[in-house]
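Student: To start, I am sharing the structure in question, which I have written as structure tokens.
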Amino acid sequence: MGDHPQPMRAIAAGVMLAVENGQSLSQCLPPALNRLPPNERPELQALCYGTCRWFHRLDSELNGRLKKPLRKPDRIVHHLMLVALFQLRFSQQATYAVLNETVEACRALDKPHLTGLVNGVLRAAEREGAPEPATDAARFSHPVWMVEKLRHNWPEDWQRILEANNAQAPMTLRVNALRFNRDQYLGLLQEAGIEAGPTQFAPHGIQLASPVPVERLPWFADGAVSVQDEAAQLCTTLLDLAPGQRVLDACAAPGGKTCAILESCAELAEVVAIDESADRLPRVQENLDRLDLVATLKQADAAAIEQWWDGEVFDRILLDVPCSASGVIRRHPDIKLLRRESDIVPLAAIQLGLLDAMWSILKPGGRLVYATCSVFPQENHRIIQRFCKQQTDAILVEPDAQWGRDMGAGRQLLPDPFSHDGFFYAVLEKPEP
Ligand SMILES: C[S@@+](CC[C@H](N)C(=O)[O-])C[C@H]1O[C@@H](n2cnc3c(N)ncnc32)[C@H](O)[C@@H]1O
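Under full-length UniProt numbering, the residue at position 268 of the sequence shown is numbered 268, and the numbers go up by one with no gaps.
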């Protein structure tokens, strides 16, 4: 391929191939962005996010247009055509530019024998227009198993969930309550010419009318605000924090909720933040530093308590478990390609294991909040039901909340195209002896 810089579309096709092979966009996109000058990076990002978002629809169309699949070594050209189809179907780019530049990118990828095919497929796609999606998976652009699971789990809501997953997520802020109240910060935004309003349920939340780079946010570098979805912000209201409490954030990275906890109650005795990922834990410290907050960080498997616990029980535990992330697909459309149906049962076992372990280090009279960014009951209220069957002393607390749905064992927020992500919360209390 030589040393000459690759065209953006060729780079985008490489990113899509990496995602198909199991890498997340957050892993493979940053190095790809660095191969382009800064002014071209937003476009590459939009191409990769958009192609992931519409992958299942575009792939269904492309497979219908190909007489036979490309050979494995040419698979990158399949992705190159998906990127071009994304532009034809979902962008304002002029058709001739998409066609010419895609053919050029095909050459740059050292696949000159496929330029005729690429040109022919894209010309036909342009001439014939988008086909009527043949299946719900193609129509809603999700893998078949997700469509079926959502239809089964949410017979009334599955289509709305799928549509919300394809919407552009809003940019939401959490005002650092130690610095400003929400109205003050809304005033600062207005002065800066940034249109925004308060979130409906989270007390410190602000939703922007359209996203802006964080550098434009008043006092961002000084810790006035953080970017955090409204649903994620709700954890602090559920924890019922009070001065003097010792709090554990058991799955903490990148630290959004750790920081929200520290901001919402200034005089906590200690906040311990654990994450098993050595790569992700430093992000917690970076966020704490920007906000001028202090927590005790430990890299550990939270469930292996003998490896990290000092023997002092916690008044409050937030357990924001690893999950399918099926409630945040609109922010991470690569989940559609990465997640497998077979992931869910092992995830549920990890979730229940973490819950068991955390329960054992919760103080009698203490409170544990279980959270996921999933919309699958298997990871949500069914985990809580399974746990309460084993742990008969656990008291399920019904939060006094205006948001979400009561699932009998926790509350579920479904993703809302105009506001919050999909999330689940359950509140458990341990009785005093
Ligand atoms: C949903 S994310 C947490 C998001 C975080 N609470 C926030 O608000 O910024 C789940 C985290 O759990 C971590 N994790 C997974 N298994 C773990 C375990 N057994 N012990 C501790 N952390 C774990 C992952 O590395 C990941 O960072």
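Backbone N, C-alpha and C fix where the C-beta goes; we use that ideal spot for every residue, glycine too.
1) Taking the alpha helix (DSSP H) that S26 belongs to, which residues open and close that run?
2) Does the region 412-423 come into contact with the region 310-330, if we say contact requires no fewer than three beta-carbon pairs (one atom in each stretch) closer than 8 Å?
3) Check whether the region 26-34 and the region 58-71 are in contact - that is, three or more C-beta pairs closer than 8 Å.
4) Suppose you measure from the CA of V225 to the CA of M16; what does that come to, to the nearest Å?
5) Applying the criterion that 16 or more other CB atoms from any shown protein chain within 10 Å of the CB defines a buried residue, is M1 buried or exposed?
6) With a threshold of 8 Å (Cβ to nearest heavy atom), would I305 be considered close to ligand 1?
7) Measuring straight from C-alpha to C-alpha, what distance separates Y49 and Q390?
8) Would you mind sorting Q402 into buried or exposed? The rule is 16 or more other CB atoms within 10 Å of its CB.
9) Does the Cβ of P322 lie closer than 8 Å to at least one heavy atom of ligand 1?
10) Taking only heavy atoms of ligand 1 into account, decide whether any of them is closer than 8 Å to the Cβ of S360.
11) What ranges does the alpha helix (DSSP H) occupy inside the region 49-79, keeping only unbroken runs of at least 4 residues that lie completely in it?
12) In three-state DSSP terms, what is T102?
13) Determine, using beta-carbon pairs with one atom in the region 360-373 and one in the region 311-325, whether at least three such pairs fall under 8 Å.
14) Looking at the structure shown, is A371 part of a helix, part of a strand, or coil, going by DSSP?
15) For V321, name the three-state secondary structure that DSSP assigns.
16) Between which residues of its own chain and S264 is the CB-CB distance below 7 Å, once the five residues before and five after are set aside?
17) Do three or more CB pairs link the region 294-307 to the region 255-273 at distances below 8 Å?
18) In or out: H113 buried (at least 16 other Cβ within 10 Å) or exposed?
19) Per DSSP, which one or two residues make a beta bridge with A196?
20) Which runs of the beta strand (DSSP E) fall wholly inside the region 205-282 and span at least 3 residues, in chain order?
21) Cβ-heavy atom distance between residue 440 and ligand 1 below 8 Å?
22) In this structure, does DSSP put A426 in helix, strand or coil?
23) The beta strand (DSSP E) with T296 in it runs from where to where?
24) So, R41 versus T102, is the Cβ gap smaller than 9 Å?
25) When every heavy atom of ligand 1 is checked, does at least one fall within less than 8 Å of the C-beta of G311?
26) Excluding five sequence neighbours on each side, which residues of the same chain lie with their C-beta closer than 7 Å to the C-beta of N153?
27) Are there any heavy atoms of ligand 1 lying less than 8 Å away from the beta-carbon of P254, as far as the coordinates show?
28) Going by DSSP in three states, L414 sits in which element: helix, strand or coil?
29) Going by C-alpha distance, which of A125, D110 and A409 is nearest residue 447?
30) How close, in whole Å, do the beta carbons of A266 and D249 come, if the pair is a contact with beta carbons under 8 Å?
31) W309: buried (16+ other C-beta within 10 angstroms of its C-beta) or exposed?
32) If I follow the unbroken beta strand (DSSP E) through T172, where does it start and stop?
33) Tell me whether L318, by its Cβ, gets closer than 8 Å to a heavy atom of ligand 1.
34) Output the distance between the C-alpha atoms of E43 and R290, rounded to the nearest integer angstrom.
35) Kindly list the residues whose CB is nearer than 7 Å to the CB of A278, restricted to its own chain and excluding five residues on each side of it in sequence; keep chain order.
Tutor: With the structure as the only source:
1) The residue you call residue 26 lines up with position 26 of the sequence shown. First-last of the alpha helix (DSSP H) with S26: L25 to L33.
2) yes
3) no
4) Mapped onto the sequence shown, residue 225 falls at position 225. Mapped onto the sequence shown, residue 16 falls at position 16. Rounded to whole angstroms, V225 to M16 spans 33 Å at the Cα level.
5) Within the sequence shown, the letter at position 1 stands for residue 1. Bear in mind that the predicted position of M1 carries a pLDDT of just 42, short of 50, making it too unreliable to give a figure here.
6) Here residue 305 is taken as the residue at index 305 of the sequence shown, counted from 1. Checking the Cβ of I305 against ligand 1 gives no.
7) Numbered from 1 along the sequence shown, position 49 holds the residue referred to as residue 49. Numbered from 1 along the sequence shown, position 390 holds the residue referred to as residue 390. One C-alpha to the other measures close to 42 Å.
8) By 1-based counting over the sequence shown, the position of residue 402 is 402. So Q402 counts as exposed.
9) Counting from 1 along the sequence shown, the entry for residue 322 is found at position 322. Answer for P322: yes, Cβ within range of ligand 1.
10) As a first step, residue 360 must be located in the sequence shown, where it is residue number 360. S360 Cβ: outside cutoff for every heavy atom of ligand 1.
11) 55-65
12) Within the sequence shown, residue 102 is the residue found at index 102, counting from 1. Correct three-state label for T102: helix.
13) yes
14) Taking the sequence shown and counting its residues from 1, the one referred to as residue 371 is at position 371. Correct three-state label for A371: strand.
15) Here residue 321 refers to the residue found at position 321 of the sequence shown. Coil, per DSSP.
16) Translated into positions along the sequence shown, residue 264 becomes position 264. Within the same chain, S264 has close Cβ partners A177, T236 and L241.
17) yes
18) The count along the sequence shown starts at 1 and reaches residue 113 at position 113. Its Cβ having fewer than 16 others within 10 Å, H113 is exposed.
19) Within the sequence shown, numbered from 1, the residue matching residue 196 stands at position 196. According to DSSP, which records beta bridges pairwise, A196 is partnered with L208.
20) 205-208, 225-227, 246-249 and 270-275
21) As shown, the chain starts at 1 and ends at 433. That puts residue 440 outside it, with no answer to give.
22) Indexing the sequence shown from 1 puts residue 426 at position 426. DSSP places A426 in strand when its eight states are reduced to three.
23) Numbered from its first residue, the sequence shown carries residue 296 at position 296. Where T296 is concerned, the enclosing beta strand (DSSP E) starts and stops at T296 to Q299.
24) Locating residue 41 in the sequence shown gives position 41, where the first residue counts as 1. Locating residue 102 in the sequence shown gives position 102, where the first residue counts as 1. Contact flag unset, no.
25) Position 311 of the sequence shown holds residue 311. No - ligand 1 has no heavy atom lying nearer than 8 Å to the Cβ of G311.
26) Here residue 153 is taken as the residue at index 153 of the sequence shown, counted from 1. In its chain, beyond the 5 residues on either side, F376 and P377 have a beta carbon closer than 7 Å to the beta carbon of N153.
27) On the sequence shown, residue 254 is found 254 positions in, with the first residue counted as 1. Yes, ligand 1 has a heavy atom inside 8 Å of this Cβ.
28) Locating residue 414 in the sequence shown gives position 414, counting from the first residue. Coil at L414, not helix or strand.
29) In the structure displayed, the chain extends from 1 to 433; residue 447 sits before or after that span and is not available.
30) Your numbering for residue 266 matches position 266 in the sequence shown. Your numbering for residue 249 matches position 249 in the sequence shown. Their Cβ separation, rounded to whole angstroms, is 17 Å, which puts A266 and D249 out of contact at 8 Å.
31) Against the sequence shown, residue 309 aligns to sequence position 309. Buried, because 16 or more other Cβ atoms sit within 10 Å of the Cβ of W309.
32) For this step, residue 172 is matched to residue 172 along the sequence shown. T172 to V175 is the span of the beta strand (DSSP E), which, as asked, contains T172.
33) Locating residue 318 in the sequence shown gives position 318, where the first residue counts as 1. Yes; taking the cut-off as 8 Å, the Cβ of L318 has a heavy atom of ligand 1 nearer than that.
34) The residue labelled residue 43 in the question sits at position 43 within the sequence shown. The residue labelled residue 290 in the question sits at position 290 within the sequence shown. Taking the straight line joining both Cα atoms gives about 29 Å.
35) Walking along the sequence shown from the start, residue 278 turns up at place 278. Same-chain partners within the cutoff: Q299.
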